[in-house]
Every structure is written in structure tokens, then in C-alpha cells.
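Notes to accompany the following structure.
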Amino acid sequence: MSDQRHPVHEILPFGQMFTYGFQHVLAMYAGAVAVPLILAGALHLPVDQLIFLINADLFTCGLATVIQTMGFWKFGVRIPVIQGVTFAAVTPMIMIGKVHGLTGIYGAVIVGGLATLLVAPYFSRLIRFFPPVVTGSIISIIGISLLPVAVLWVGGGNPSSPDFATAPQISLAGIVLVMILCFNRYFTGFLKNIAVLLGLIIGTIMAIPLGFVNFSSVMKAQWLGMTTPFAFGLPTFDITAIFSMVLVMIVVMVETTGDFIAIGEIIDKPISQDDLTRGLRADGLSTILGGILNCFPYTAFAQNVGLIGLTGVKSRFVVAMSGVILMVLGLFPKMAAIVASVPAAVLGGAGLVMFGVVAASGIRTLAKVDFNDSQNLMIVAVSLAIGLIPLAMPDFYNKFPEWTQVVMHSGITAGSLTAVILNAALNYGKDHSDFTTSISGK
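In terms of this note's numbering, the sequence shown opens at residue 2 and continues consecutively.
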């Protein structure tokens with residue numbers, strides 16, 4: 002199949018594209034607004050600034066997604082990947098913000114994005130060190146690492162709440178999960194592909210009489226909210242802040258590479274070195290735009306990888322539509338508030354399926370590996386073990402130097418680096434595809 006005839010380039014009817022795109026937005030919305038919420042709380046920002054940050058974040062998420070999926074010149078990986086703010090930057094940004102304020106954060110973000118843009122062609126050469134034994138391990142770690150997020154949603158989203166993980170919350174998530182499975186089993190075509198969306202809509206309707214849906218934020222939200230560049234002042238540049246953000250962007254490039262490869266496996270379109278270079282350049286450009294538009298570093302959002310595998314919809318134009326929807330939500334806060342009203346428990350029922358699909362996709366990739374070779378078994382075993390340490394004990398690395406915590410607290414990054422290093426060390430010199438992988442695939 003030629004590249005241009007691949008399903009990733011298929012343009013669907015507008016109604017289908019919008020519906021599939023909206024489904025992606027619902028799946029990632031909670032994660033998309035989490036970073037502004039955390040940062041604003043840590044820096045004690047007033048409510049009006051928090052609302053502005055959320056609107057700016059949604060708009061830039063959408064813009065970054067359009068750049069990544071549609072592409073132009075030498076930017077954009079051109080596969081169905083949604084962009085969102087990386088959680089790897091949260092702690093460094095809080096530290097920078099407490100000393101230098103938001104302008105210090107944005108100065109570091111802009112330089113970090115510029116560094117990513119410049120380094121992308123060189124970093125992408127590492128893709129030859131991502132054979133199935135490595136990619137399968139990384140994809141599995143991504144899926145497993147996301148599952149605690151789904152479990153948190155199932156309980157209601159707030160562990161400190163007295164209603165967290167009560168029978169009604171868990172039952173609602175369970176019903177959504179069962180509905181998605183039934184829709185996926187008994188429906189066909191378009192309806193099967195929107196099984197997650199149907200589950201979210203029906204689950205939200207069922208949650209209204211239970212008191213889990215709060216529309217007060219919809220009533221308070223403004224109709225129009227414009228994102229203006231440098232709204233908090235011109236960026237300031239501090240060497241220490243810049244160094245920490247560049248380190249974050251190295252972590253982001255590792256995670257982005259894993260997400261691109263995961264999507265490539267699911268849509269049956271191997272990611273080439275050129276693809277990865279364009280994708281990382283787009284990350285860098287989007288991060289620069291984030292600093293200009295009062296936002297943060299951007300990366301591929303792993304939350305939506307499972308949705309692609311679940312629906313089988315491979316078109317990048319569908320996710321480009323998600324980007325357009327996000328931009329509109331960023332300009333119209335009242336619409337964004339409506340989307341935000343979906344209860345966490347409802348999202349949790351869908352998240353269990355979607356994130357589980359990512360882990361299962363990694364297992365499917367590992368099925369291609371020759372496990373008669375004990376070295377491959379060790380690579381998978383150790384990379385999974387290292388990658389899941391932050392999952393088992395989130396505070397495990399708290400006594401490490403701060404600059405190492407940026408890497409080690411991300412199980413995906415730690416596991417990915419472990420898999421790449423072990424594969425290079427244990428499979429070096431072997432005459433088979435478990436050491437390197439072709440970079441010519443399209």
C-alpha cells in the first residue's frame with residue numbers, strides 16, 4: 002500500500018470526522034486541563050488567571066494538534082496524534098514559577114522548544130535503536146502507567162473526597178465500561194467506532210440524577226475568551242530555569258518517540274527517521290508557541306493512543322478535527338465548561354478500556370520478539386520493572402538529585418531508556434532484527 006493510499010490519509014465525511022474528533026476530545030480533556038490547574042494551585046494564582054490559563058491551554062493544544070497531524074514543510078509527523086501539555090514539566094515549572102513567576106516559566110519554555118526544534122534531526126537518528134523488543138516494552142509501559150489515571154477517575158477523581166470510590170461511583174464506571182464493550186461487540190461500522198463516545202454520553206446522562214454532574218461552572222463561564230500573546234508580560238530568561246526546561250524537553254522527546262511508535266504500530270504505519278524528525282520539530286514549534294501564548298511544553302498525548310486502537314479509525318484528519326474543536330473550546334469558555342462537566346467516574350469506565358488497549362498493543366508487538374533468546378527476555382523484564390517503579394511507589398526517587406527526578410519520576414522515560422540501553426548492550430553485534438529496526442518504512 003502506498004503512503005498516499007494508507008488509511009491514515011483518508012478524509013471521512015464531515016459528520017463522522019466531527020463525531021470521532023469530539024470523542025478524542027472527551028478522552029483527553031481532563032488530562033489537558035490538569036497541568037494549568039496544578040500549576041495555578043501551586044503558585045496561588047487568582048481564579049481569573051486560572052481560567053485564562055485553561056483557555057490558552059485548550060487553544061494551543063488544538064493548534065499543536067493541527068500542526069502535528071496536518072503538517073507543513075518539515076514539521077508534523079502526519080499521523081493521528083493529539084498534543085497536550087506534558088506532565089514531566091509540572092514540577093520544574095512550579096519551582097521556576099515560585100522564584101521567577103510566570104514570565105520566567107515562559108522564557109524557559111520558549112528556549113526549551115527552540116532547543117527541541119534544533120536537536121530533532123539528531124535525536125531522530127536514535128530510532129534505529131527501537132526494534133520490537135524495545136517498542137513492545139515501551140508501549141506496554143505506557144499503557145500500564147496510564148491505568149492509575151483511569152482508576153483515579155473511576156473513584157471520582159479526588160481521593161480526599163468522602164465520596165471517592167463509593168459504590169455509586171464505581172458502579173457508574175462499571176456500567177460505562179460494560180456499555181462500551183457491548184457497543185463494540187454488537188454494533189458495526191460508525192456506531193461501533195463511537196462506542197466510547199456513546200458510553201460517555203449515556204454515562205453522563207445517568208450521572209445527572211445521582212448528583213455527579215455539576216453545571217455551575219457552565220453558568221459562570223464567559224461566552225468568549227481570547228488568548229493574547231505574552232498576556233502576563235514579556236518572558237524573562239534565567240540560566241537555571243532554562244537548563245531544567247531543556248532537560249524536561251529531552252524527556253519529552255523520549256516519551257514522544259514512544260508514543261509515535263505506539264501509534265505507528267496500531268495504525269500499521271512504521272515511523273521512519275524523517276517522520277520522527279518532523280514530529281519532534283512540531284513538538285519544539287508547539288512548545289515555542291506555548292511560551293508565546295501563555296502555555297507550556299507540548300508532547301504527544303498517550304491517553305488517546307488506546308482510543309485509536311479501540312475504534313480502528315486511523316485517519317489523521319479525524320484528530321486534526323479534534324484540534325479544531327479544542328481551539329474552539331479555548332475561544333468559548335462556556336463550551337469548554339460543558340465538556341468539563343463529564344463526571345470523572347464516567348471517564349474512568351472509558352479509560353480502563355482505552356489504556357488497557359495500549360498495554361495490549363504492546364503485548365501484541367512483543368509477540369514478534371524471539372523469546373528463545375534469553376537476552377530479549379531480560380530486556381523486557383528489566384525495562385518493565387524499572388518503568389513501573391514510580392507506579393508502585395511514587396515517592397521512591399524523592400531523595401535523588403532534583404535534575405534526575407525529572408527523568409526517573411516518569412516511568413515511561415525511565416523504562417524507555419532502560420529498554421534502549423539494554424538492547425544496545427545485550428544485543429549488540431547480533432545478526433538479527435532485534436538489535437535495530439529499519440528506518441525506511443513509511
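Every residue, glycine too, gets a C-beta built ideally from N, C-alpha and C. Please read these numbers as outputs of a predicted model, since none were measured by experiment.
DSSP places GLY85 in the strand class (E or B) of the three-state scheme. Between the beta-carbon of PRO298 and that of ALA90 there is about 5 Å, and that keeps the pair under the 8 Å contact cut. Straight-line spacing of the CA atoms in ILE289 and ILE422 works out to 30 Å.
Annotation: THR228 is outside any beta strand (DSSP E) and is labelled neither H nor E by DSSP. Under the three-pair Cβ rule at 8 Å, the stretch 239-258 does not count as touching the stretch 181-200.
Straight across, the Cα-Cα distance linking SER362 with TYR187 is about 22 Å. If one requires a minimum length of 4 residues, the alpha helix (DSSP H) runs lying completely within the stretch 380-414 are 390-393, 403-409, in chain order.
Between THR117 and LEU248 the beta-carbon gap is near 12 Å, outside 8 Å, which marks them as no contact.
With respect to the C-alpha of LEU153, the residue from GLN376, ILE387, LEU348, VAL359 having the closest C-alpha is LEU348. Annotation: the continuous alpha helix (DSSP H) that includes TYR30 extends over 15-44. CA-CA distance, PHE238 to LEU330, rounds to 31 Å. Under the DSSP definition of a beta bridge, ALA338 lacks any partner. In the structure shown, the three-state DSSP call for PHE213 is coil.
Just measuring C-alpha positions, the residue of GLY32, ILE209, LEU235 sitting nearest ILE111 is LEU235. With fewer than 16 other beta carbons inside 10 angstroms of its own, PHE216 counts as exposed. Proximity to CYS62 across VAL34, MET18, ILE39, ILE52 peaks at VAL34, based on C-alpha coordinates. Under the criterion of beta carbons closer than 8 Å, ILE52 and PRO402 do not qualify as touching, at roughly 36 Å. In the three-state reduction of the DSSP assignment, ALA368 falls in the coil class, being assigned neither a helical nor a strand state. Taken in chain order, the unbroken stretches of alpha helix (DSSP H) that lie wholly in the stretch 63-135 and span 4 residues or more are 91-124. Boundaries of the alpha helix (DSSP H) harbouring ALA196: 196-208, taken from the DSSP string. Between the C-alpha atoms of PHE73 and ALA208 there is a straight-line separation of about 43 Å. Secondary structure at THR167: coil, using DSSP grouped into helix, strand and coil. C-alpha of PHE233 to C-alpha of ALA368: approximately 51 Å in a straight line.
The beta carbon of GLY98 sits closer than 6 Å to those of LEU44, ILE106, all from its chain and outside the five residues before and after it, given in chain order. Take VAL354, set aside five residues on each side of it, and the residues of its chain with a beta-carbon closer than 8 Å to its own are LEU178, ILE181, LEU182, VAL197, GLY307, LEU311, in chain order.
Closest option to GLY226, judged by alpha-carbon separation, among ASN56, GLU11, VAL9, PHE397: ASN56.
With respect to the 8 Å criterion, GLY412 and LEU392 are classified as neighbours on the basis of their beta carbons.
Per DSSP, ALA283 is one residue of the alpha helix (DSSP H) stretching across 274-293.
Separation of PHE60 and ASP284 (C-alpha to C-alpha, rounded to the nearest whole angstrom) is 15 Å. Burial is judged here by how many other beta carbons sit within 10 angstroms of a residue's own beta carbon; GLY357 has at least 16 and is buried.
By the neighbour-count definition (other C-beta atoms within 10 Å, threshold 16), ALA263 is a buried residue. The Cβ atoms of PRO133 and ASN424 do not sit closer than 8 Å to each other. Each of MET409, ARG317, ILE326 was checked against the Cα of ASP58, and the nearest Cα belongs to ILE326. Taking PRO149 as the centre and dropping the five residues before and after it, the same chain places the C-beta of LEU392 closer than 8 Å to its C-beta, in chain order. Note that the stretch 313-326 touches the stretch 13-24; at least 3 beta-carbon pairs, one per stretch, sit closer than 8 Å. The C-beta separation of ASN305 from ALA28 comes to about 6 Å, placing the pair in contact by the 8 Å criterion.
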